[in-house]
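Visitor: The structure is given below, and queries will be raised subsequently.
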Amino acid sequence: MAGQCNGNSKDTESFVKIPPLKFSKLFINGKFVDSVSGKTFEAIDPRTGEAVARVSEGDKEDVDLAVKAARQAFDHGPWPRMSGSVSFTKFLSLLHHF
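For the sequence shown, the numbering used here gives the first residue as -7, with consecutive numbering after it.
In structure tokens, the structure reads:
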């Protein structure tokens, strides 16, 4: 489903490789999970109108689970007790996985 485009469909000379969508699930409590309802929706490439993936459709139940997990992590996890520089460094290292 990945394609190539430079933003101008008439210009075929200079194309940029568009990477495939890596994640299609919700990230809750440190894991990628399907939505509670199991619903999904098509992610549409706005340049082409083409469906590029089906992704989990979160709703109130998923938000409630995510908020509960975040509250638990904040109250009992290491993050709030880390210095700003340490937590920021760890956060940046997490971003490299995406």
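Ideal Cβ placement from N, Cα and C applies to all residues, glycine included.
Measuring alpha carbon to alpha carbon, tell me which residue in Leu86, Ala43 and Phe19 is nearest Phe33.
Guide: Ala43
Visitor: Any idea what DSSP makes of Thr32, helix, strand or coil?
Guide: strand
Visitor: Are Glu49 and Lys60 closer than 8 Å when you measure CB to CB?
Guide: Cβ atoms of Glu49 and Lys60: not closer than 8 Å.
Visitor: With burial defined as no fewer than 16 other Cβ atoms inside 10 Å of the residue's Cβ, what is the status of Leu18: buried or exposed?
Guide: buried
Visitor: What are the start and end residues of the alpha helix (DSSP H) that includes Lys52?
Guide: Lys52 to His68
Visitor: Taking the alpha-carbon of Lys14 as reference, which of Arg46, Glu53, Val55 and Gly69 has the nearest alpha-carbon?
Guide: Arg46
Visitor: If distances are taken between C-alpha atoms only, which option among Leu84, Leu87 and Pro11 comes closest to Asp37?
Guide: Pro11
Visitor: Is the separation between the beta-carbon of Ile20 and that of Asp67 shorter than 8 Å?
Guide: no
Visitor: Under 8 Å by Cβ, that's how I've got Ser16 and Asp51 pegged, so tell me the actual separation to the nearest angstrom.
Guide: Actually they are not in contact, since the Cβ atoms of Ser16 and Asp51 sit about 16 Å apart, beyond 8 Å.
Visitor: From what residue to what residue does the alpha helix (DSSP H) around Lys17 run?
Guide: No alpha helix (DSSP H) holds Lys17; DSSP gives it neither H nor E.
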